[in-house]
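J.: Residue numbers for the sequence shown follow the numbering used here, beginning at 658 and rising by one.
Yeah, the Cβ is synthetic: ideal placement off N, Cα and C, and Gly gets one too.
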Amino acid sequence: MPPTTTVLRPLGTPLPVGFLGLAAGAFIVSALQLDRIPPHERHAVAVVLMAVAFPLQLPSSAAPPCAWLSPGSSS
Numbered sequence: 658m659p660p661t662t663t664v665l666r667p668l669g670t671p672l673p674v675g676f677l678g679l680a681a682g683a684f685i686v687s688a689l690q691l692d693r694i695p696p697h698e699r700h701a702v703a704v705v706l707m708a709v710a711f712p713l714q715l716p717s718s719a720a721p722p723c724a725w726l727s728p729g730s731s732s
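(1) For residue 699, which of helix, strand or coil comes out of DSSP?
(2) Could you tell me the alpha carbon to alpha carbon distance between residue 700 and residue 706, rounded to whole angstroms?
(3) Taking residue 680 as part of the alpha helix (DSSP H), name the residues at either end of that continuous run.
(4) How should residue 719 be labelled, buried or exposed, when 16 other C-beta atoms within 10 angstroms of its C-beta is the threshold for buried?
(5) Excluding sequence positions up to five away, which residues of its chain have a Cβ less than 7 Å from the Cβ of residue 688?
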């Protein structure tokens, strides 16, 4: 019986998740700059950015180009 191989391929591009992280980070920082969030809470804003916005942007920054994912590409 030949060995079975499992190939995992992404279901879609991670760019929408990266844009969500960018939008979340921009919204949080703009709320801080417009005094919607009190200035003494800036350390909490930094923690939220590190916990939410940066991890959401990570998959889109580490994603390979789509040409690598297409089956049968000869490059």
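T.: If we stick to the structure as given:
(1) helix
(2) 10 Å
(3) Bounds of the alpha helix (DSSP H) holding residue 680 are 672-690.
(4) exposed
(5) When the five nearest sequence neighbours on each side are left out, the beta carbons in the same chain lying within less than 7 Å of the beta carbon of residue 688 are those of 694, in order along the chain.
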